[in-house]
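All remarks here apply to the structure that follows.
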Ligand SMILES: Nc1ncnc2c1ncn2[C@@H]1O[C@H](COP(=O)(O)OP(=O)(O)OP(=O)(O)O)[C@@H](O)[C@H]1O
Ligand SMILES: [Mg+2]
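Numbering (my numbering), first residue to last: 13 to 342.
Structure representation (structure tokens):
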């Protein structure tokens, strides 16, 4: 069966299942999503009420997206995580949108539609609505086998997409502490963050969170550079922090942008503490063997999902089109 057929089959299964996770949710299948496949899956999703257009009234249950209402960056509006002490930052939404990032201002873009499909099973698991109960399902790590496959791009888009849901608040964590990309991609000044919390007991998590002008989206930056950054990420302190996050922010989705699995030790360790791992695979580039090794490295994680990034559109195009396909289950 070709990759595209596999993708179609998976999406069809998903549709029939009302976008729920199979009992033995385990590994996924990478497949290139063609526009037609995505289109079918999306229309099926709408039929089942799993997602609605951002400007439509919210259904009684399932994923509901908030109407676009970016908050002013004055820090006075309701803040989901660490309300009283977090710093406010203003994301340049027009610039982000031009760079291909989902924003509340452009809820109907192609990429926004693609991430509606990608996020649905992740949210079902996180909120315990999947068929199987997933421990720490609200902790979602975005990774890949190798550098440059689109981890940060995908993590940011996933966070943005979920932040547009009525039911979910999101914390985006830059866990690529050696080479953080979030400040560059979101045009933020690097600030204190994850590493500072790990090395200094007196630094409170809430104090270093950044609340953004996208309502429901907060950011934890990688933090002050540290010579033992990678060890810190695999340390007991990090494990405790993750457990704390999973419990304290149980109703929040926490997305980790992380380093490549095959080139770092901390990434596979991080994967053992999160409930769900999204593995980005770059179309036409990531060797199959690297994908296999990456999956082996995160074997212990209960839910693994694969996304094919930069897939060539079936209709042709310049080859740098956008396509996310995914498989789920076994
Ligand atoms: N689907 C996409 N469409 C357009 N641009 C993309 C897409 N995916 C990734 N990119 C771009 O490709 C480049 C590499 O992506 P990104 O930084 O997200 O990769 P990464 O896996 O996080 O890399 P690293 O391992 O170095 O952290 C970035 O400039 C990003 O904006
Ligand atoms: Mg990155």
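All residues carry an ideal CB built from backbone N, CA and C; glycine is no exception.
**Item:** Cβ neighbour criterion (16 or more within 10 Å) applied to residue 163
**Value:** Looking up residue 163 in the chain shown gives position 151. Classification for residue 163: buried.
**Asked** Who are the Cβ neighbours of residue 215 in its own chain at under 8 Å, not counting the five residues just before and after it?
**Response** Here residue 215 is taken as the residue at index 203 of the chain shown, counted from 1. Only 204, 208, 209 meet the Cβ criterion.
**Request:** May I have all residues whose beta carbon comes closer than 6 Å to any heavy atom of ligand 1, sorted in chain order?
**Result:** Listed along the chain, these residues meet the criterion: 112, 156, 159, 160, 161, 162, 163, 164, 165, 188, 191, 193, 272, 321, 322, 334.
**Prompt:** Can you tell me the Cα-Cα spacing of residue 153 and residue 287, whole angstroms?
**Reply:** Your numbering for residue 153 matches position 141 in the chain shown. Your numbering for residue 287 matches position 275 in the chain shown. Cα to Cα, the separation comes out at about 8 Å.
**Asked** To the nearest angstrom, how far is it from the Cα of residue 156 to the Cα of residue 123?
**Response** Here residue 156 refers to the residue found at position 144 when the chain shown is read from its first residue. Here residue 123 refers to the residue found at position 111 when the chain shown is read from its first residue. Going by the C-alpha atoms only, they are around 19 Å apart.
**Request:** Please work out which residues of its chain come closer than 7 Å, Cβ to Cβ, to residue 161, disregarding the five sequence neighbours upstream and downstream, and give them in chain order.
**Result:** Here residue 161 corresponds to residue number 149 of the chain shown, with the count starting at 1. Result list for residue 161: 292, 293, 294, 298, 321, in chain order.
**Message:** At a threshold of 8 Å, does residue 199 count as lining ligand 2 (C-beta to nearest heavy atom)?
**Reply:** The residue given as residue 199 occupies position 187 in the chain shown. Distances taken from the Cβ of residue 199 to the heavy atoms of ligand 2 include none shorter than 8 Å.
**Request:** Would you list the residues sitting across from residue 156 in a DSSP beta bridge?
**Result:** Position 144 of the chain shown, counted from the start, is the residue given in the question as residue 156. Beta-bridge partners assigned by DSSP to residue 156: 292.
**Prompt:** Which residue from 255, 130, 191, 229 puts its Cα closest to that of residue 285?
**Reply:** In the chain shown, the residue the question calls residue 285 occupies position 273. Taking each of 255, 130, 191, 229 in turn and checking the Cα distance to residue 285, the smallest one comes out for 255.
**Asked** Where do the ends of the alpha helix (DSSP H) carrying residue 228 lie?
**Response** Within the chain shown, numbered from 1, the residue matching residue 228 stands at position 216. Element bounds for residue 228: n/a, residue is neither H nor E.
**Request:** Verify whether the separation of the beta carbon atoms of residue 186 and residue 234 is less than 9 Å.
**Result:** On the chain shown, residue 186 is found 174 positions in, with the first residue counted as 1. On the chain shown, residue 234 is found 222 positions in, with the first residue counted as 1. The Cβ atoms of residue 186 and residue 234 sit closer than 9 Å to each other.
**Backbone secondary structure at residue 245 - three-state DSSP** = Walking along the chain shown from the start, residue 245 turns up at place 233. If DSSP states are grouped into helix, strand and coil, residue 245 belongs with the helices.
**Nearest to residue 115 (by Cα), restricted to the options 280, 135, 171, 131** = Sequence index remark: in the chain shown, residue 115 carries index 103 (1-based). It is 171 whose Cα lies nearest to the Cα of residue 115.
**Request:** Could you check the C-alpha separation between residue 211 and residue 236 for me, to the nearest Å?
**Result:** If you number the chain shown from 1, residue 211 lands on position 199. If you number the chain shown from 1, residue 236 lands on position 224. So the alpha carbons of these two residues sit roughly 10 Å apart.
**Request:** Could you tell me the distance, in whole angstroms, from the CA atom of residue 289 to the CA atom of residue 193?
**Result:** Here residue 289 refers to the residue found at position 277 when the chain shown is read from its first residue. Here residue 193 refers to the residue found at position 181 when the chain shown is read from its first residue. A direct Cα-to-Cα measurement between residue 289 and residue 193 gives close to 19 Å.
**Message:** With a threshold of 7 Å on Cβ separation, who are the neighbours of residue 131 within its own chain once the five nearest residues in sequence on each side are excluded?
**Reply:** Start at 1 with the first residue of the chain shown, and residue 131 comes out as number 119. Same-chain partners within the cutoff: 170, 173, 174.
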